[in-house]
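Mapping the sequence shown onto the working numbering, position 23 (from 1) lands on 41, and the numbers just tick up by one.
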Amino acid sequence: LGSPILAFTGHRVFAGPYHRNVAGNLLVFDALLGSATDAKAIVESHHVGLVSLCLDNPESRLFAARAPDGFLAGLMRGSVPEWLDAGAETRGAPLELYCGRHGG
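Right, dumping it as structure tokens:
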């Protein structure tokens, strides 16, 4: 997913399953497995514009099961925190996209 985002949009990518940026991947794990408050801090401090969610991804299901009260598990249950904007056009699609609402 990261490669097309880099190639066809103005967005940056700091993590992906193929990525050698270990620090970026670990940061994503912290966000997904941590609370929504933890994820918000990471999203804001790293100026994340988009969060993607693939409901059918086995890794997503594994992480959600590992941290059932975590940010990812909440998103998978449809609990979208107020600091994310759930794009209506991707809601219920195989790949859901959320935009970060950055204050200021």
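Cβ atoms here follow ideal geometry from the backbone N, Cα and C, with glycine treated the same way. None of these values were measured; they are calculated from a predicted model.
State the start and end residues of the unbroken alpha helix (DSSP H) segment that holds Leu93. Phe89 to Met94
By how many angstroms is the C-alpha of Val61 removed from the C-alpha of Gly67? 8 Å
Expressed to the nearest angstrom, what Euclidean distance is found between the alpha-carbon atoms of Asn75 and Gly34? 13 Å
Can you tell me where the alpha helix (DSSP H) with Leu50 in it begins and where it stops? Val40 to Leu51
Between Ser70 and Glu114, what straight-line distance do the alpha-carbon atoms span, to the nearest angstrom? 6 Å
CB of Phe32 within 8 Å of CB of Ala57, strictly: no
Please state whether the Cβ-Cβ distance between Leu51 and Arg84 is less than 8 Å. yes
Quick check on Leu24: buried or exposed, where buried means 16 or more other Cβ atoms within 10 Å of its Cβ? exposed
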